[in-house]
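J.: 59 is the number that the UniProt record's numbering gives to position 59 of the sequence shown; each next residue is one higher, with no gaps.
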Amino acid sequence: MKANIIKDKSFKFAVDIVNLYKDLSGNKREYVMSRQLLKSGTSIGANVREAEFAQSRADFTNKMSISLKEANETDYWLDLLHATDFLGAKQFQEYKPKAQEMLRLLVSIVKTSKE
1 MKANIIKDKS FKFAVDIVNL YKDLSGNKRE YVMSRQLLKS GTSIGANVRE
51 AEFAQSRADF TNKMSISLKE ANETDYWLDL LHATDFLGAK QFQEYKPKAQ
101 EMLRLLVSIV KTSKE
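See the structure below:
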């Protein structure tokens, strides 16, 4: 069976985001921004999974586009959490590249699916 890179990476990313959320809400007592991060960060993989059984190419493109928007939102929340000192430099440097990788993969998939 052929590996589905975006499916695997988006699931791993969601697990990382859940763990980050647990740290932010438990240790840092930050609930609002971390909840937004949790919602957008886990939505990426959920929409990728929906796209897996899309009814048409347009449906696939739409679901992947939603994943892309969620990845961009997740990137925003990471930036904001870092700028407000809820995410230290070490955590930020751990999660930011993962979010950027999600964005790059999804931009490529959406572009290709529109061609």
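Ideal Cβ placement from N, Cα and C applies to all residues, glycine included. What you are looking at is a predicted structure, and each value in this text was computed from that prediction instead of being measured.
Going straight from the alpha carbon of D59 to that of S113, what length do you get?
T.: The residue labelled residue 59 in the question sits at position 59 within the sequence shown. The residue labelled residue 113 in the question sits at position 113 within the sequence shown. Their Cα atoms are separated by approximately 10 Å.
J.: Rounded to the nearest angstrom, what separates S108 and R29 at their Cα positions?
T.: On the sequence shown, position 108 is the one that residue 108 refers to. On the sequence shown, position 29 is the one that residue 29 refers to. Whole-angstrom Cα-Cα distance: 37 Å.
J.: Using the Cα positions of Q93 and I66, report the straight-line distance between them to the nearest angstrom.
T.: Working through the sequence shown from its first residue, we reach residue 93 at position 93. Working through the sequence shown from its first residue, we reach residue 66 at position 66. Each residue's alpha carbon lies about 25 Å from the other.
J.: Between S25 and S34, is the Cβ-Cβ spacing less than 9 Å?
T.: Within the sequence shown, residue 25 is the residue found at index 25, counting from 1. Within the sequence shown, residue 34 is the residue found at index 34, counting from 1. Contact flag set, yes.
J.: How about L37 and A71: do their beta carbons lie closer than 9 Å?
T.: What you label residue 37 is simply residue 37 of the sequence shown in a count that begins at 1. What you label residue 71 is simply residue 71 of the sequence shown in a count that begins at 1. No, Cβ-Cβ distance for L37 and A71 is not below 9 Å.
J.: Buried or exposed: where does I17 fall if 16 or more other Cβ atoms within 10 Å of its Cβ makes it buried?
T.: In the sequence shown, counting from the first residue as 1, residue 17 sits at position 17. Burial call: buried.
J.: In angstroms with no decimal places, state the Cα-to-Cα distance between residue 134 and T61.
T.: Look at the range of the chain in this structure, 1 to 115, and you will see that residue 134 is not part of it.
J.: Give me the Cβ distance between E52 and K7, rounded to the nearest whole Å; I'm assuming they're in contact under 8 Å.
T.: Taking the sequence shown and counting its residues from 1, the one referred to as residue 52 is at position 52. Taking the sequence shown and counting its residues from 1, the one referred to as residue 7 is at position 7. The pair is a contact, with the Cβ atoms about 7 Å apart (cut-off 8 Å).
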